[in-house]
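Engineer: Take the sequence shown: its letters are residues 1 to 480, numbered as in full-length UniProt numbering.
Heads up, the beta-carbon is just placed ideally off N, CA and C, and yes, glycines get one too.
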Amino acid sequence: MAERMLKFVGTPQAMPDKRPAAERRRDFDEIYQSYAQQKAAEQASRCSQCGVPFCQIHCPLHNNIPDWLKLTAEGRLDEAYELSSATNNFPEICGRICPQDRLCEGNCVIEKGFESVTIGSVEKYITDTAWQRGWVKPIQPRRERTECVGIVGAGPAGLAAAEQLRRKGYQVAIYDRYDRVGGLLIYGIPNFKLEKEIVQRREKLLRDSKVTFHLNCEVGRDVKLEELRARHGAVLIATGVYKARDIAAPGVGLAGIAPALDYLTASNRQGLGDTVPDFESGLLNAAGKDVVVIGGGDTAMDCVRTAVRQGAKSVKCLYRRDRANMPGSQREVKHAEEEGVEFVWLAAPQAFLGKDKVSHVRTVRIHLGMPDASGRQTPQEIPNSHVNIEADLVLMALGFDPEDLPAAMGAPDLGVTGWNTLKIDWKSMMTSLDGVFAAGDIVRGASLVVWAVRDGRDAAERIHTYLAGKALAAQRIAAE
Ligand code: SF4
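1) Near Arg320, which residues of its chain fall below 6 Å by C-beta distance, leaving aside the five closest residues on each side in sequence?
2) Are the Cβ atoms of Leu318 and Ile294 separated by less than 8 Å?
3) Who are the Cβ neighbours of Asp404 in its own chain at under 6 Å, not counting the five residues just before and after it?
4) Going along the chain, which residues of its own chain have a beta-carbon closer than 7 Å to the beta-carbon of Val304, five neighbours each way excluded?
5) Just to confirm the assignment, what range does the alpha helix (DSSP H) spanning Ala471 have?
6) Threshold first: 4 residues or longer. Then list the alpha helix (DSSP H) segments lying entirely within the segment 192–250, N to C.
7) DSSP on Pro12, reduced to helix/strand/coil?
8) Work out the CA separation of Leu236 and Glu218 for me, nearest whole Å.
9) Please report the straight-line C-alpha distance between Asp455 and Trp426, rounded to a whole angstrom.
10) Cβ atoms of Gln377 and Asn325: under 8 Å apart, would you say?
11) How about Phe54: is its Cβ closer than 7 Å to a heavy atom in the ligand SF4?
12) Taking 7 Å as the cut-off, is the beta-carbon of residue 526 closer than that to any non-hydrogen atom of the ligand SF4?
13) Please go through the same chain and pick out, in chain order, the residues whose beta-carbon is closer than 8 Å to the beta-carbon of Glu461, but skip the five residues on each side of it.
14) Should Val109 be listed as close to the ligand SF4, given that the test is whether its C-beta is under 7 Å from any heavy atom?
15) Expressed to the nearest angstrom, what Euclidean distance is found between the alpha-carbon atoms of Ala40 and Gly120?
16) According to DSSP, simplified to helix, strand and coil, what is Gln38?
17) State the start and end residues of the unbroken beta strand (DSSP E) segment that holds Ala351.
18) Could you give the distance in angstroms between the alpha-carbon of Leu71 and the alpha-carbon of Arg133?
19) Measure the alpha-carbon distance for His58 versus Val117 and round it to whole angstroms.
20) So, Arg309 versus Phe28, is the Cβ gap smaller than 8 Å?
21) Taking 7 Å as the line, does the beta carbon of Ile126 fall inside it for any heavy atom of the ligand SF4?
22) Assess, as a yes-or-no matter, whether the segment 227–244 is touched by the segment 428–440 under the definition of 3 or more beta carbon pairs within less than 8 Å.
23) Determine the direct distance from the alpha carbon of Gly106 to that of Arg331, and round the result to whole angstroms.
24) Buried or exposed: Asn388, going by 16 or more other Cβ atoms within 10 Å of its Cβ?
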């Protein structure tokens, strides 16, 4: 092992080649090229094979990173794929969109003194290679079970749960209110981070694995939750959280101010070839506009970089804390800066100015004061520090809250927490309704895709325990 690994001293970190910013600004294609096999093996060989691998500990899926890096370094890619896909349903998606600088790579021990192993890029390389070489196959369970599970939500938590349940032989039906599979993976995340074909080939794989999809089907509108409970042995709610957070500021209702997800969905739909009236009318199109995005998370980064590609005149990102304290990935900020986005740190919107349509955002400078109970420094306004920033289009990327699911689903007995997330028993992952489980953002609150995958996998295990217990009880009764 020693010969092939531990190369971090002599081999510098090298990410796959990134396309020049001037070229990236003109299209929505992914920005990184793929590694060639030799490069992937060389980068994987930088790993020091830690006895206590902090990369793995800090991965929500506890991916067996050191072992699949070693297999990649040895050219045993089929085994690397097998190992990587054993803990993660969508490694090529996580390899593309996880904020590795906050998770595995940010905690890689060789980061101290050297630069971390490029874990995400190697992960993407392994699984893209597996797809190219035909190693990713539809699921053929060893035995089929008669029990059927209904999953509400075709986002990452629902899809991961579906795959895990199908592996155990359950029949699986997924219901989603949108017309395509993927949830935020298809309508929220832009192509330059995750090309749509990557999600669509996963959908095809699930269809080929005999998972059935009921699209344009909203629970509470098109089908009752009670009907789903009667139709399926268990139901998993994995709807995600979609309600955009707002701010109370004068002028917030002016035309030209839109929620980030509406804007991203319009752009993604347009890229998919849909007719999008709000894009065509210019309402949700940044072309030729001065764009201001409010927020410092990954959704804000997706908005600013989309606006650049749509041909905005200028793009600014307004965030009330500083670069070090922003929730989004630092790597994303760097990409955005390279592409011409201007970050206005320590600034908060106070009012939106304009007659019928927004023309300026009135901002106030912020000073970071003493830490609050959460440990984060409190933003404090600096008196008389106003600046008006020109804006034709303002995008609010302030986070997401859960919708009122008990009302929307016509299920008043579905218990919720004080935050309106679904209340579950954390051991069984069951909601207040027998046989109804919940997972992902609708339980956790808005979070990362990798956490949704983890929650979906955990829920599949709990549903299996529940259904197996029910089957056993039925057998005992029959034997009596
Ligand atoms: Fe390898 Fe870094 Fe993980 Fe250690 S922390 S096992 S060096 S990738």
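Structural biologist: The short version:
1) Ala348, Ile366 and Pro379
2) yes
3) none
4) Val293, Val315, Cys317, Ala336 and Val341
5) Val449 to Ala479
6) 196–208 and 225–231
7) coil
8) 14 Å
9) 11 Å
10) yes
11) yes
12) No statement about residue 526 is possible, as the shown extent of the chain runs from 1 to 480 and does not include it.
13) Gln164
14) yes
15) 11 Å
16) helix
17) Ala347 to Leu353
18) 17 Å
19) 14 Å
20) yes
21) no
22) yes
23) 11 Å
24) exposed
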